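Chemist: Numbering-wise (this note's numbering), the sequence shown opens with residue 25 and increments by one.
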Amino acid sequence: MSFVDMAYLRKENIRQGVISYYRKKTGQKIEVTVTPPLQRIIDSFSGESGNSPYLFPVIRDTDKSPRLQYENGLRLQNKRLKRLSALAGIGGKLSTHVSRHSWATTGKKQNLPLWVISEGLGHSSEKMTYTYLASFDRSTLDRANEQIALALAAPPSV
Numbered sequence: 025m026s027f028v029d030m031a032y033l034r035k036e037n038i039r040q041g042v043i044s045y046y047r048k049k050t051g052q053k054i055e056v057t058v059t060p061p062l063q064r065i066i067d068s069f070s071g072e073s074g075n076s077p078y079l080f081p082v083i084r085d086t087d088k089s090p091r092l093q094y095e096n097g098l099r100l101q102n103k104r105l106k107r108l109s110a111l112a113g114i115g116g117k118l119s120t121h122v123s124r125h126s127w128a129t130t131g132k133k134q135n136l137p138l139w140v141i142s143e144g145l146g147h148s149s150e151k152m153t154y155t156y157l158a159s160f161d162r163s164t165l166d167r168a169n170e171q172i173a174l175a176l177a178a179p180p181s182v
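Dropping the structure here:
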């Protein structure tokens, strides 16, 4: 889930164990079953979201611009992730968007069908998902190419 969609998620978006919302970017309807780990995450923020209509404590003040609160929340979260990345000695940039990349890449490595990854990301087309994934980890394709090259270079078996 993108950070913007998470920030704007309302408590009313959860019905009978399913989160249902429309993506801010594409307007596509997304439905996600609330798994026990996800429920624990939601519960962990219940004290901070209090009487707010929002599920998570990003947009807190109904008298202030929700958009500004979202943007400030995004900056703060990315700053925290940058600090966490440095403390953990992780090379490269860590951001809220990286989680979407990681989810998609993991799905690809698990040989999930492209349409499943596309739907999970809320993309408007599989073509967009293919383009999105094409720029990531090519190690599986590299290994396949190595295996094929070795097979072609090996002497024929008798």
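Think of the CB as a built atom: it goes at the ideal place given N, C-alpha and C, for glycine as much as any other residue. For clarity, every value in this text was computed on a predicted model and none was experimentally measured.
(1) Report, in whole angstroms, the separation of the C-beta atoms of V82 and G97, which I expect to be a contact under 8 Å.
(2) Please report how far the alpha carbon of N37 lies from the alpha carbon of S123, in whole angstroms.
(3) With a threshold of 8 Å, are at least 3 pairs of Cβ atoms found where one atom belongs to the stretch 33-53 and the other to the stretch 137-149?
(4) With distance defined between alpha-carbon atoms, name the residue in Y46, T153, L62 and L79 nearest to N132.
(5) Based on DSSP bridge pairs, tell me the residues matched to S8.
(6) Exposed or buried, A173, counting other C-beta atoms within 10 Å across all chains shown (16 or more means buried)?
Modeler: In short:
(1) Indeed they touch by this definition, with Cβ atoms about 4 Å apart.
(2) Pairing N37 with S123, the inter-Cα distance amounts to about 22 Å.
(3) Output reads yes: the stretch 137-149 touches the stretch 33-53.
(4) Going by the sequence as given, residue 132 is Lys instead of Asn. When only C-alpha atoms are compared, the closest one is T153.
(5) No answer is possible for residue 8: the residues shown for the chain start at 25 and end at 182.
(6) When all chains shown are included, A173 counts as exposed.
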